[in-house]
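I have placed the structure first, in the form of structure tokens, so that the comments after it can refer back to it.
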Amino acid sequence: MQKIEKFKILVLLKPGDNQPAMDRANEFARFMPDIEITACRIVNEFDEASRANLQQQTERELKALAAKYPSIKEFVPKVIFAKNVPEAFVKEAADGDYTMAIISVNKRNKIKDLFVSTIDSQVMRKINIPLLVVKDAHAPQKLGRPIILAIDFEESEHDKKLDEVLFHAAKIFADEFNGEIHVANCVSPLNRGYMGGNTRPSKILHQDKAPRHRADVHQEFLDIFAKEHDLPLEHTHVVLGRVDEEIPRLCEQLEARMVCMGSSAKSGLLTPMNSSASELVLEQIKGDIFIVNDVQKYFPEEKK
1 MQKIEKFKIL VLLKPGDNQP AMDRANEFAR FMPDIEITAC RIVNEFDEAS RANLQQQTER
61 ELKALAAKYP SIKEFVPKVI FAKNVPEAFV KEAADGDYTM AIISVNKRNK IKDLFVSTID
121 SQVMRKINIP LLVVKDAHAP QKLGRPIILA IDFEESEHDK KLDEVLFHAA KIFADEFNGE
181 IHVANCVSPL NRGYMGGNTR PSKILHQDKA PRHRADVHQE FLDIFAKEHD LPLEHTHVVL
241 GRVDEEIPRL CEQLEARMVC MGSSAKSGLL TPMNSSASEL VLEQIKGDIF IVNDVQKYFP
301 EEKK
């Protein structure tokens, strides 16, 4: 896995003075003063006649914004003109040499959201760099609170590279905020048979002893992962049920600061909700969520 030499964070700004994503970036800057923060304002209401004036006005606003966050030593203003905000932000994230991006949650409208996806939902599904979604920047963020690492330990199509990227991120967050990493695996109520190659629960192949419960098999995966990454075994959790119910329940139980998880359509942890699992979890937790859609940039030697 490629080492991160310098943290460069892309932040999506909202219209107005309230900037939850910048508030969280500023919090990171207090602990990591050498990080570079790019404050990205995407102007989507413009025409060619007004573009020059809007450019100057937005640049002045970004200069004033930088003054509000003295902890950010490397503040990079960026103005983008585009009609489609999530598309433009995802493109900037892909084109720039950013370590991660930060956005804030949009207000939900149950009826409207059935027809039009919110900006945060579109970004969460399409962005190809790690993304932190801020639920409430003003919620208490005490030091020492757990970071929950939700990993898919199904044997079928299990992406170990994703595990490593998520663990690396969780460790950075835990180290900077004096937190502790907890690893969770949600065993969904799903009968997929044994086409994935896991024959350990088979009654036919193991006639001499009772088949093992799926939860026991997953606990074994967790124990191995914990030992490989020097984590206490008491920081491992196998939960039975739906991802969008059990991960938030564990967050509440542990008073977790954030959840780190992959967003994928692969089988396993995210199967019941497909790529929307992270969105469903986000709606029900109090902390932030850190998601990873693509790990290829961290393994450049494996690119074809």
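Note that the UniProt record's numbering has the sequence shown beginning at 1, numbered continuously upward. Glycine included, each C-beta is placed from N, C-alpha and C at the ideal position.
Cβ atoms of residue j and residue i: under 9 angstroms apart, would you say?
{"i": "K126", "j": "E92", "result": "no"}
{"i": "F290", "j": "F173", "result": "yes"}
{"i": "F46", "j": "F81", "result": "yes"}
{"i": "V295", "j": "L162", "result": "yes"}
{"i": "G262", "j": "L166", "result": "yes"}
{"i": "V76", "j": "E59", "result": "no"}
{"i": "L10", "j": "M22", "result": "no"}
{"i": "I151", "j": "N185", "result": "yes"}
Could you spell out the range, first to last residue, of the alpha helix (DSSP H) harbouring residue i?
{"i": "H168", "result": "160 to 176"}
{"i": "V90", "result": "85 to 95"}
{"i": "S278", "result": "277 to 284"}
{"i": "M22", "result": "20 to 31"}
{"i": "E59", "result": "51 to 68"}
{"i": "I129", "result": "From DSSP, I129 is part of no alpha helix (DSSP H); its letter is neither H nor E."}
{"i": "E245", "result": "243 to 254"}
Taking the straight line between their C-alpha atoms, what separation do you get for residue i and residue j?
{"i": "E245", "j": "V281", "result": "8 angstroms"}
{"i": "A66", "j": "T38", "result": "10 angstroms"}
{"i": "A169", "j": "V239", "result": "22 angstroms"}
{"i": "M258", "j": "L54", "result": "36 angstroms"}
{"i": "R51", "j": "V187", "result": "52 angstroms"}
{"i": "A226", "j": "L149", "result": "11 angstroms"}
{"i": "Y69", "j": "F221", "result": "43 angstroms"}
{"i": "T99", "j": "P248", "result": "27 angstroms"}
{"i": "F153", "j": "Q253", "result": "22 angstroms"}
{"i": "A64", "j": "E36", "result": "18 angstroms"}
{"i": "P211", "j": "Y298", "result": "Annotation note: pLDDT 46 at P211 (below 50); position unreliable, coordinate value reported separately. If I take the Cα positions, the gap works out to 39 angstroms."}
Thinking just about the alpha-carbon of each residue, which of the options is nearest to the one in residue i?
{"i": "R145", "options": "M261, F177, L166, I129", "result": "F177"}
{"i": "D97", "options": "E255, R51, F7", "result": "F7"}
{"i": "A101", "options": "M261, F75, K78, I129", "result": "I129"}
{"i": "A29", "options": "A49, S71, C260", "result": "S71"}
{"i": "Q122", "options": "K83, I285, E279, G287", "result": "E279"}
{"i": "G241", "options": "L254, R214, F221", "result": "R214"}
{"i": "V292", "options": "E164, P248, E48, Y69", "result": "E164"}
{"i": "Q57", "options": "A25, P15, N106", "result": "P15"}
{"i": "M124", "options": "A277, D95, E48", "result": "A277"}
{"i": "residue 311", "options": "K171, D175, F299, Q219", "result": "With the chain covering only 1 through 304, there is no way to say anything about residue 311."}
Report all residues from its chain with a CB closer than 8 angstroms to the CB of residue i; omit the five preceding and five following residues, and keep chain order.
{"i": "D223", "result": "L233, T236"}
{"i": "E61", "result": "R41"}
{"i": "A256", "result": "R145, P146, I147, I148, H182, L250, I285, G287"}
Just to confirm the assignment, what range does the beta strand (DSSP E) spanning residue i have?
{"i": "V217", "result": "That residue, V217, is in no beta strand (DSSP E); its alpha helix (DSSP H) goes 214 to 228."}
{"i": "T38", "result": "36 to 43"}
{"i": "N185", "result": "181 to 187"}
{"i": "V11", "result": "8 to 12"}
{"i": "A101", "result": "100 to 104"}
{"i": "V123", "result": "Looking at the DSSP string, V123 is not in any beta strand (DSSP E); the run it does join, the alpha helix (DSSP H), is 119 to 126."}
{"i": "D288", "result": "288 to 292"}
{"i": "I148", "result": "147 to 150"}
{"i": "L240", "result": "236 to 240"}
{"i": "K78", "result": "74 to 81"}
By Cβ distance, which residues of its chain are closer than 7 angstroms to residue i, with the 5 residues on each side in sequence left out?
{"i": "L231", "result": "I181, V183"}
{"i": "V85", "result": "I42, N44, I119"}
{"i": "H229", "result": "F167"}
{"i": "N26", "result": "Y69, S71, I72"}
{"i": "N18", "result": "none"}
{"i": "K83", "result": "N44"}
Could you pull out every residue in the same chain whose Cβ sits closer than 6 angstroms to the Cβ of residue i, ignoring the five residues on either side in sequence?
{"i": "R192", "result": "Legend: pLDDT at R192 = 48, less than 50; position of this residue unreliable, value from coordinates given subsequently. Same-chain partners within the cutoff: there are none."}
{"i": "P20", "result": "S104, V134, A137"}
{"i": "P33", "result": "K73"}
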